[in-house]
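Numbering follows my numbering, with no gaps: position 48 of the sequence shown is 67.
Every residue, glycine too, gets a C-beta built ideally from N, C-alpha and C.
Working notes for the structure below.
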Amino acid sequence: MDANTSPLFTPYKLGRFDLSHRCPNMSGIWSEEQMEAWKPVVKGVHDKGGPGDGQVLEKTTPQHLKADEIPCIVNDFRIAACNAINAGFDGIEINAASGYLIDQFSIGASTEERCRLAQEIVETVIEEVGADKVGL
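Here it is, written out as structure tokens:
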């Protein structure tokens, strides 16, 4: 199965955002189908004695977020984290660097406002999967 037919590469769009796996050859874990496709991958890693952490992120073109978009983005991270744990991953790494959405959001405004998106995502993901399974 190649990137053009694998459910891991199924397109996902939220409003005006093209999310993480819209990057060439970047997989997603947003849907039930993608979660199921990850299960044999994670099992293979575990069968070889390795740990398996899922990295969740959103990659988008830099743009200003509207206040009403934040809950949708936070929920996307919640869904991806829950799907990753259900697929068998041991933990979740929330990527907040390298120009991904959380990193983009941290530019400008007050310190509190720059941290708002990351804080809301981390708190929501922790509520969903437990603090012992979440890294930033």
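Own chain residues within Cβ distance below 6 Å of residue i, not counting five before or after
| i | result |
| --- | --- |
| I121 | A115, L136 and A137 |
| V153 | I111, V144 and I145 |
| V61 | G71, A106, G107 and F108 |
Rounded distance between the beta-carbons of residue j and residue i, thought under 8 Å
| i | j | result |
| --- | --- | --- |
| A103 | I48 | 5 Å |
| V64 | C101 | With 8 Å as the limit, V64 and C101 do not qualify as a contact, their Cβ atoms being about 19 Å apart. |
| F124 | L155 | Not confirmed; about 14 Å, so no contact. |
Any non-hydrogen atom of the ligand MN within 7 Å of residue i CB
| i | result |
| --- | --- |
| Q123 | The model on display carries no ligand, and the ligand MN is accordingly not part of it. |
Cutoff 7 Å; reference residue i; Cβ partners in own chain excluding five residues on either side
| i | result |
| --- | --- |
| K58 | A106 and G107 |
| F96 | V75, I113, I140, T143 and V144 |
| T130 | none |
Sequence-distant residues of the same chain with beta carbon closer than 8 Å to residue i, five excluded per side
| i | result |
| --- | --- |
| I98 | W49 |
Original post:
What runs of the beta strand (DSSP E), each 3 residues or longer, lie entirely inside the region 64-146?
Top reply: Within the region 64-146, the complete beta strand (DSSP E) runs of at least 3 residues fall at 72-75 and 110-113.
Original post:
Are the region 65-73 and the region 101-118 in contact at 8 Å, needing three or more beta carbon pairs?
Top reply: Here the region 65-73 makes contact with the region 101-118; the two share three or more CB pairs at distances below 8 Å.
Original post:
If we count Cβ pairs, one from each stretch, closer than 8 Å, do we get three or more for the region 87-94 versus the region 130-140?
Top reply: Contact between the region 87-94 and the region 130-140 is established, with three or more Cβ pairs separated by less than 8 Å.
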